């Protein structure tokens, strides 16, 4: 039963996520809430794993979620669910290739869909940021303890290195992931 | 073997599919990629289905797609197995706590890139803001936002206010 649900949930994700890459993130974030198959911090780990392994992000995420919730059969079915809508839609569109791309309804619709997709990803990104930068157990704490200062300092450093410094700007994300892992270990980021 | 999502695949496809195997021309590949971007689903998967379909029909489309997905499937299953086994070690916990911070930055950078290619005028800015705010505060499935936006696009075009007025 969980296998069928995995297939169905990822089928919907594949059908509605437009724009590739992180477009699946808002759907996965929602899935974490509604199904309980994985937590939001597992989702954040999953993004890091996807960024540092070969293959499209959406596929990696489907495989990982499927595996975590129902082992290898889960991984296979979740991935198949994600790609089924693509295969069907592309095979249909391939029949009338050029007229599809130049159709004015298709053009306007995707002109509107792209910012909507960006907005969905931004909202999902905000919830990842909240999870990472704000302490969850802050009942007796003031403003100073509300924020995870170690994490915020690392965010600022990474932002400068990935956006402003010419020499490091175009390095592959896996480098930053490795650097952050080392920083996390050295400065005890998980507070264990 | 493409790291970092759909866009990383384009140069490799160019070399393999266009220059070595001659399965498609440069222009066709660009077309496939453009359509892959404006159809639902993962761009790499969409492009693979196209190329497979063009050369060997429907069966080709399906086989090429499975080919794209298979390496990821194997690698992620192995990694996921490792991570679940070692997740409770303090060193692994600390490493992932650090990595999560990095993920925030990577998402932010990705959003900035997407912003440049998607938010182009007042209309697209309004859609971006409305969707971001609404999906932060309302508990609605992202699919609903996609469907509503498709509706807006169709209505705009029907009213003659689409992007392609010429």
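Residue numbers (the working numbering), protein chains in the order written: chain Y, -10 to 181; chain V, 2 to 167.
Just so it is clear, CB atoms sit at the ideal spot from N, CA and C, and this is done for glycine as well.
No experiment lies behind these values; they were computed from the predicted model shown.
Check whether the Cβ of residue 154 (chain Y) sits closer than 7 Å to any heavy atom of the ligand PLP, and report yes or no. Annotation note on the ligand PLP: not contained in the displayed structure, which lists no ligands.
Examine chain V for any beta-carbon lying closer than 8 Å to the beta-carbon of residue 45 (chain Y), and answer yes or no. True, the Cβ-Cβ gap to chain V drops below 8 Å.
Taking 8 Å as the threshold (beta carbon to beta carbon), is residue 156 (chain Y) in contact with chain V? Chain V contact via Cβ: absent.
If you scan the region 14 to 68 of chain Y from start to end, which runs of the alpha helix (DSSP H) of 4 or more residues do you find wholly inside it? Restricting attention to alpha helix (DSSP H) runs no shorter than 4 residues, the region 14 to 68 of chain Y encloses them at 14 to 24, 29 to 40, ordered along the chain.
Could you confirm whether any beta carbon from chain Y is found closer than 8 Å to the beta carbon of residue 110 (chain V)? With 8 Å as the cut-off, residue 110 (chain V) counts as an interface residue toward chain Y.
Could you list which residues in chain Y have their beta carbon closer than 7 Å to that of residue 51 (chain V), in chain order? Within chain Y, the residues whose beta carbon sits less than 7 Å from that of residue 51 (chain V) are 79, 83, listed in sequence order.
Between the region 158 to 173 of chain Y and the region 98 to 106 of chain V, do three or more beta carbon pairs fall short of 8 Å? Below 8 Å, enough C-beta pairs join the region 158 to 173 of chain Y and the region 98 to 106 of chain V to call them touching: three or more.
Quick one, which residues of the region 115 to 130 of chain V are near chain Y if we go by CB-CB under 9 Å, in chain order? Listed by position, the residues of the region 115 to 130 of chain V near chain Y (Cβ gap below 9 Å) are 115, 116, 118, 119, 120, 121, 124, 125, 126, 127, 128, 129, 130.
Here's a check: name, in chain order, each residue in its chain whose Cβ is nearer than 6 Å to the Cβ of residue 51 (chain Y), leaving out the five neighbours to either side. Counting only Cβ-Cβ distances below 6 Å, and skipping sequence neighbours, we find -1, 67, 68, 71.
Apply the 10 Å Cβ neighbour rule to residue 95 (chain V) and answer buried if 16 or more other Cβ atoms are within range, or exposed otherwise. Residue 95 (chain V) should be labelled buried.
Measuring alpha carbon to alpha carbon, tell me which residue in V:124, V:123, V:132, V:122 is nearest residue 109 (chain Y). Measuring from the Cα of residue 109 (chain Y), the nearest candidate turns out to be V:132.
Check whether the region 12 to 30 of chain Y touches the region 104 to 124 of chain Y, counting contact only when three or more Cβ pairs, one atom from each stretch, lie closer than 8 Å. Counting Cβ pairs under 8 Å, three or more are found: they touch.
Any C-beta of chain Y under 8 Å from that of residue 87 (chain V): For residue 87 (chain V), the answer is no, since every Cβ of chain Y falls outside 8 Å of its Cβ.
How about residue 84 (chain V) and residue 101 (chain Y): are their beta carbons less than 8 Å apart? No.
Residue nearest to residue 149 (chain V) in terms of C-alpha spacing, selected from V:161, V:44, V:135, V:160: Nearest option by C-alpha distance: V:135.
So which of Y:138, Y:160, Y:13 has the shortest CA-CA distance to residue 107 (chain Y)? For residue 107 (chain Y), the nearest C-alpha among the options comes from Y:13.
Once the 5 residues before and after residue 129 (chain V) are set aside, which same chain residues still bring their CB inside 6 Å of it? Correct list, in chain order: 120.
Taking the C-alpha atoms as reference points, what is the distance between residue 149 (chain Y) and residue 142 (chain Y)? Their backbone Cα atoms lie some 11 Å apart in a straight line.
Contacts around residue 77 (chain Y), its chain only, beta-carbon distance under 7 Å, and the 5 residues preceding and following it disregarded: Excluding sequence positions up to five before and after residue 77 (chain Y), its CB lies less than 7 Å from no other CB in the same chain.
Could you say if the region 67 to 83 of chain V and the region 46 to 60 of chain Y meet the contact criterion of at least three C-beta pairs nearer than 8 Å? Of all C-beta pairs linking the region 67 to 83 of chain V to the region 46 to 60 of chain Y, three or more are shorter than 8 Å, placing the two stretches in contact.
Contact with chain V by residue 48 (chain Y), beta-carbon distance below 8 Å: Contacts with chain V at 8 Å (Cβ-Cβ) include residue 48 (chain Y).
Under 8 Å between C-beta atoms, does residue 88 (chain Y) make it to chain V? No, residue 88 (chain Y) lies away from the interface with chain V (no Cβ there is under 8 Å from its Cβ).
Within the 8 Å Cβ cut-off, does residue 75 (chain Y) reach chain V? Taking Cβ atoms only, chain V reaches closer than 8 Å to residue 75 (chain Y), which makes this a yes.
Return helix, strand or coil for residue 156 (chain V), following the three-state DSSP convention. Correct three-state label for residue 156 (chain V): helix.
Exposed or buried, residue 125 (chain V), counting other C-beta atoms within 10 Å across all chains shown (16 or more means buried)? By the neighbour-count rule (16 or more Cβ atoms within 10 Å), residue 125 (chain V) is buried.
Tell me, to the nearest whole angstrom, how far the beta carbon of residue 73 (chain Y) is from that of residue 3 (chain Y); I am working on the premise that it is less than 8 Å. Taking C-beta atoms under 8 Å as the contact rule, residue 73 (chain Y) and residue 3 (chain Y) qualify, at a distance of about 7 Å.
Expected contact under 8 Å - CB spacing of residue 104 (chain Y) and residue 46 (chain V) to nearest Å: That belief does not hold up - the Cβ atoms of residue 104 (chain Y) and residue 46 (chain V) are roughly 23 Å apart, past 8 Å.
Could you name the residues of the same chain whose beta carbon sits closer than 8 Å to that of residue 55 (chain V), not counting the 5 residues immediately before and after it, in chain order? Taking C-beta separations shorter than 8 Å and ignoring five residues to either side along the sequence, the partners of residue 55 (chain V) in its chain run 24, 25, 29, 61, following chain order.
Counting only Cβ-Cβ distances shorter than 9 Å, please list the residues of the region 161 to 178 of chain Y near chain V, keeping chain order. Cβ proximity to chain V below 9 Å picks out 161, 162, 163, 165, 166, 167, 168, 169, 170, 171, 172, 173, 174, 175, 176, 177, 178 from the region 161 to 178 of chain Y.
Buried or exposed, going by whether 16 or more other CB atoms sit within 10 Å of the CB of residue 112 (chain V)? So residue 112 (chain V) ends up on the buried side.
Simplified DSSP state of residue -7 (chain Y), which is helix, strand or coil: The DSSP-derived three-state label of residue -7 (chain Y) is helix.
Residue 91 (chain Y) burial status per 10 Å Cβ neighbour count (16 or more: buried): Taking a 10 Å sphere around the C-beta of residue 91 (chain Y), we find fewer than 16 other C-beta atoms and assign the residue as exposed.
Sorted by chain position, which residues of the same chain lie with C-beta nearer than 8 Å to residue 146 (chain V)'s C-beta, five sequence neighbours on each side aside? 132, 135, 136.
Proximity test, Cβ basis, 8 Å: residue 58 (chain Y) and chain V: Output row for residue 58 (chain Y): interface = no.
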